[in-house]
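Take a look at the structure set out below.
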Amino acid sequence: MRLLFTLLCLFSVGLTSPAMAQENNQPTPAEAEPKTDPEFIPAWGPRVEGEIFEYSTGGETYQGYLARNVNDETPRPAVLVVHEWWGLDEYARARADQLAALGFVALAVDMYGGGQVATHPDQAGEFSSQVMQDWPAARARFEAAMAQLRQHPAVADTGMAAIGYCFGGGVVMNMALSGMPLEAVISFHGAPTQAASARGEFEGVVQIHNGGADSLVARDDLSAMARALEAQGANVKVINYPQALHGFTNPDADALAEEFDLPLGYNAAADASSWQAALLLLDKTLNQ
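Okay, structure coming up:
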């Protein structure tokens, strides 16, 4: 696919150019004029930079995190990332950075306001419950982030996608239920609670990645969510990963499980497999 092909080409250039220069015994421009500036970064590779991205709704200001490749001057498709119940932390930012390195403009949204981050499960549960119990306000926050993102000069005038983790997975699934204009919605170990108070037609693709050993996600609720999404017109695919616990994509899940006695666990195989499937879907829906 075009995105993956471009990355392979860039990788090949990086590997072959030095070898060709040695074989021809000709000094390269870098050899002829050595770069002593420690800030020098080759222009051909991705250079991801992140910045605070503010948007407002309902009299409140929200502080998202925008990541993009500043070496790329061509407008690119946008992907919104919705954080776990802990809030917009380093994990959500890291996922945005990964997407930016692969050719997307990624916005990790702030669903709690003011960039709040929970430090204890009780606080995280309180924050996430407040959002899901007032779905019109939650949708307004997401819509405000989308509207502001569309105005950014680095964002292409094409479709958008959204991915979410845990609480965020539930948010993006409900965004699809409510008919948000997204080409693709991807949930990783998302909570399948149906919170959307008003339903709307959804013509995009919904990909749900679920841990087969996740005790925090009821299979009946997950099946009900999939059926509800299909009823709204979505193309739904549910992928279960045997032995994977809740939070299987987050490398910090094991430490959090031990600290707070939670049924969480990182699973490297499920993380890699789900991420690859998500990238293929994003490439198919946004780059073609």
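Each residue of the sequence shown is one higher than the one before, counting from 1376 in the working numbering.
C-beta: ideal position from N, C-alpha, C; glycine also.
DSSP places Thr1494 in the coil class of the three-state scheme, outside both helix and strand. Check the Cα spacing between Glu1429 and each of Ala1559, Gly1489, Met1600 and Val1457: the tightest is with Gly1489. Ranked by Cα distance from Gln1505, the options Asn1625, Phe1542, Val1530 and Ser1598 are led by Phe1542. Bounds of any beta strand (DSSP E) do not take in Gln1663, whose DSSP letter is neither H nor E.
Rounded to the nearest angstrom, the gap between the Cα atoms of Pro1528 and Ala1453 is 11 Å.
Rounded to the nearest whole angstrom, the C-alpha separation of Gln1508 and Val1592 is 18 Å. The beta-carbon distance between Met1600 and Gln1651, rounded to whole angstroms, is 23 Å. This is too long to meet the 8 Å contact definition.
Contact check for Leu1455 and Leu1482: beta-carbon distance about 5 Å, within the 8 Å limit, so the pair qualifies. One Cα belongs to Ser1553, the other to Ala1609, and the distance between them is close to 11 Å. Beta-carbon to beta-carbon, Tyr1466 and Asn1625 are separated by about 6 Å, close enough to satisfy the 8 Å threshold.
In terms of CA proximity to Met1521, Met1535 leads the group Pro1511, Ala1531, Met1535 and Ala1512. Restricting attention to Phe1502, Ile1561, Gly1565 and Ala1513, the CA atom closest to the CA of Ser1572 is found in Ala1513.
Rounded to whole angstroms, the separation of the alpha carbons of Leu1654 and Leu1441 is 18 Å. Per the coordinates, the alpha-carbon of Gly1425 lies some 13 Å from the alpha-carbon of Val1484.
Residues Tyr1616, Ala1619 and Phe1623 of the same chain have their beta carbon placed closer than 6 Å to that of Ala1645, with the five preceding and five following residues left out of the count. Contact between Val1480 and Arg1443 is confirmed by a C-beta separation of about 5 Å, below the 8 Å threshold. If you draw a straight line from the Cα of Pro1638 to the Cα of Gly1565, it is about 14 Å long. Beta-bridge partners of Gln1582 (DSSP): Ile1561 and Lys1612. DSSP places Asn1549 within a helical segment (H, G or I) once states are collapsed to three. Residue burial annotation: His1621 is buried, with at least 16 other C-beta atoms found within 10 angstroms of its C-beta. Glu1605: member of the alpha helix (DSSP H) spanning Arg1594 to Ala1606, first to last residue.
Ser1431 is classed as exposed because its beta carbon has fewer than 16 other beta carbons within 10 Å across all chains shown. Its Cα nearest to that of Phe1563, the residue Gln1582 stands out among Gly1433, Val1445, Gln1582 and Thr1533.
The shortest CA-to-CA distance from Asp1636 to any of Pro1450, Leu1656, Asp1497 and Asp1447 is the one to Asp1497.
Rounded to the nearest angstrom, the Cβ distance from Phe1517 to Met1550 is 6 Å, consistent with a contact under 8 Å. By the neighbour-count criterion, in which a residue is buried when 16 or more other Cβ atoms sit within 10 angstroms of its Cβ, Ser1503 is buried. Contact check for Val1613 and Leu1597: beta-carbon distance about 7 Å, within the 8 Å limit, so the pair qualifies.
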